[in-house]
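Asker: Questions regarding the structure given below will be posed in turn.
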Amino acid sequence: MAQPDDLIHQPLRLKIMAALYAERQGEPLEFSRLKTITEATDGNLGSHLTALEKAGYVEILKDHVGKRPRTRVKLTQTGSKAFRGHVAYLRELVEGVQD
Amino acid sequence: MVLTKDEAAAALAEIDTTTRRSGMLKGYRIGGPILMLWSVIWALGYLNMGLLPSAFWSWTWFGLDAIGAIGSVLLAQRLKGQAGVAGKGGRADVTSLRMLGGMGVVMLFVLAVFSVLRPTDPAGYLAFPGLLVGTIYAAVGVFLARRYLLIGAVMFALTLIGFYAFKEYLAFWMASASAALFVSGVWLARA
């Protein structure tokens with residue numbers, strides 16, 4: 001049976017991971033777009049991203065477009081695997097799958 | 001961590017909602033530039049109707065529509081590639097074919113309506129595509145992505161205002177109304 005991931009299960013972190021997982025094939029997601037998708041505040045999103053980055057689940061990329069600073073976020077392979085595992089756990093729980 | 005079945009179901013529902021929101025915003029980002037392209041096509045087409053005799057109208061629209069259709073497919077493919085939704089195993093080609101097919105159906109519908117109803121008032125030829133496009137966008141907005149509802153309503157309203165208030169200059173009014181389409185495209189692209 002799949003195992004739950006305590007770090008991912010927090011509501012906002014779950015949204016962040018879901019949004020990044022949906023965008024995993026594309027370019028890294030801009031902070032502002034991630035904020036729109038997750039409906040989070042700047043500070044809240046930033047602190048949860050830091051927690052996910054420390055766990056190696058996301059990569060935060062900072063650069064400049066012209067003079068404007070840009071922050072983008074991308075799911076790592078570790079993060080992708082962890083998210084899939086957590087979703088598998090949730091599905092098994094809902095469907096009543098036992099060991 | 002121990003979760004109940006209900007908590008797990010709620011978490012899955014939240015993931016689903018987030019994924020759908022992400023997909024909708026991605027759709028807006030792809031649709032925005034395409035709408036901007038069609039605003040230019042629209043402006044050129046209606047300027048042509050305002051400046052040239054009616055004998056030139058259909059051929060110019062045919063050429064512009066072809067440019068718009070090909071441009072839309074190319075733009076969609078490029079933007080989908082950037083957004084990471086480029087098809088696997090030829091799926092992008094299927095989407096492009098569907099897009100071209102949809103545009104073809106709309107053009108055929110417009111031609112068929114004109115052929116059957118034969119409007120005696122030239123303003124009818126000018127207003128009908130605007131009303132149809134407004135309706136299509138509004139329908140997309142009702143069923144799929146809400147922003148298109150507002151865009152459709154604006155196009156529908158602008159067409160009606162032009163038809164009833166500025167009939168003599170309707171072609172130029174409709175060409176000007178393309179600015180609203182362009183702004184709508186920018187609005188979508190920035191979603």
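Protein sequence lines correspond, in order, to chains A and B.
All the letters of the first sequence, read from the start, carry residue numbers 1 to 99 under my numbering.
All the letters of the second sequence, read from the start, carry residue numbers 1 to 191 under my numbering.
C-beta: ideal position from N, C-alpha, C; glycine also.
Remember, it's a predicted structure, so these values are computed and weren't measured experimentally.
Check the Cβ-Cβ distances between A/Lys81 and every residue of chain B, and say whether any is below 8 Å.
Answerer: Position 81 of the first sequence, counted from the start, is the residue given in the question as residue 81 of chain A. By this cut-off, A/Lys81 is not an interface position.
Asker: Tell me the residue span of the beta strand (DSSP E) that contains B/Leu44.
Answerer: Counting from one through the second sequence, the residue named residue 44 of chain B turns up at place 44. Note, B/Leu44: premise wrong, no beta strand (DSSP E); alpha helix (DSSP H) at Lys5 to Leu51.
Asker: So, does the CB of A/Asp42 fall closer than 8 Å to a CB anywhere in chain B?
Answerer: As a working note, residue 42 of chain A is residue 42 in the first sequence. Cβ-Cβ to chain B under 8 Å: no for A/Asp42.
Asker: Can you tell me which of A/Gly96, A/Glu95, A/Val94 and A/Leu90 puts its alpha carbon nearest to the alpha carbon of A/His9?
Answerer: Working through the first sequence from its first residue, we reach residue 9 of chain A at position 9. Nearest option by C-alpha distance: A/Leu90.
Asker: Does any CB atom of chain A fall closer than 8 Å to the CB of B/Leu150?
Answerer: The sequence position of residue 150 of chain B within the second sequence is 150, counting from 1. False, the Cβ-Cβ gap to chain A never drops below 8 Å.
Asker: Apart from the five residues just before and just after B/Ile15, which ones in its own chain have a Cβ nearer than 7 Å to its Cβ?
Answerer: Taking the second sequence and counting its residues from 1, the one referred to as residue 15 of chain B is at position 15. Once the five neighbours on either side are set aside, B/Ile15 has no close Cβ partner at all.
Asker: Grab me the residues of B/Ala10's own chain with a C-beta within less than 6 Å of its C-beta, minus the 5 sequence neighbours each way, in chain order.
Answerer: Locating residue 10 of chain B in the second sequence gives position 10, counting from the first residue. Closer than 6 Å at Cβ, skipping near neighbours: no residue.
Asker: Going by the CB atoms, is the gap between B/Arg21 and A/Ile37 shorter than 8 Å?
Answerer: Locating residue 37 of chain A in the first sequence gives position 37, where the first residue counts as 1. Locating residue 21 of chain B in the second sequence gives position 21, where the first residue counts as 1. Yes, they are a contact pair.
Asker: Which residue wins for smallest C-alpha separation from B/Asn48, given the options B/Ile34, B/Tyr169, B/Lys80 and B/Thr95?
Answerer: Position 48 of the second sequence, counted from the first residue, corresponds to residue 48 of chain B. The residue with the shortest Cα to Cα distance from B/Asn48 is B/Tyr169.
Asker: Determine the closest residue to A/Leu29 out of A/Lys62, A/Gly66, A/Gly96 and A/His86, with distance taken between C-alpha atoms.
Answerer: If you number the first sequence from 1, residue 29 of chain A lands on position 29. Nearest option by C-alpha distance: A/Lys62.
Asker: From the DSSP output, in three-state form, read off A/Val94 for me.
Answerer: The count along the first sequence starts at 1 and reaches residue 94 of chain A at position 94. In this structure, A/Val94 counts as helix in the three-state DSSP scheme.
Asker: Quick check on B/Thr60 - is its C-beta less than 8 Å from some C-beta in chain A?
Answerer: Residue numbering aside, residue 60 of chain B sits at position 60 when the second sequence is read from its first letter. Chain A contact via Cβ: absent.
Asker: Anything in chain B within Cβ reach of A/Leu14, meaning under 9 Å, just list it in chain order.
Answerer: In the first sequence, counting from the first residue as 1, residue 14 of chain A sits at position 14. Neighbours of A/Leu14 on chain B, chain order: Ala11, Glu14, Ile15 and Thr18.
Asker: For B/Ala175 and B/Lys26, what's the separation of their Cα atoms in angstroms?
Answerer: Your numbering for residue 175 of chain B matches position 175 in the second sequence. Your numbering for residue 26 of chain B matches position 26 in the second sequence. Cα to Cα, the separation comes out at about 29 Å.
Asker: Run through chain B and tell me which residues come within less than 9 Å of A/Pro28, C-beta to C-beta.
Answerer: Here residue 28 of chain A corresponds to residue number 28 of the first sequence, with the count starting at 1. Correct list: empty, because the minimum Cβ distance to chain B is about 10 Å.
Asker: If contacts are defined as beta-carbon pairs under 8 Å, then B/Gly185 and B/Ser96 qualify, I think. What distance do you get, rounded to the angstrom?
Answerer: Taking the first residue of the second sequence as position 1, residue 185 of chain B is located at position 185. Taking the first residue of the second sequence as position 1, residue 96 of chain B is located at position 96. Contact flag wrong, Cβ pair sits at about 19 Å.
Asker: If you measure from the beta carbon of A/Ile60 to each beta carbon in chain B, is any gap under 8 Å?
Answerer: Within the first sequence, the letter at position 60 stands for residue 60 of chain A. It does not; no Cβ of chain B falls within 8 Å.
Asker: Compute the beta-carbon to beta-carbon distance between A/Leu45 and A/Val58, rounded to the nearest angstrom, for a pair I have assumed lies under 8 Å.
Answerer: The residue labelled residue 45 of chain A in the question sits at position 45 within the first sequence. The residue labelled residue 58 of chain A in the question sits at position 58 within the first sequence. The pair is not a contact, with the Cβ atoms about 11 Å apart (cut-off 8 Å).
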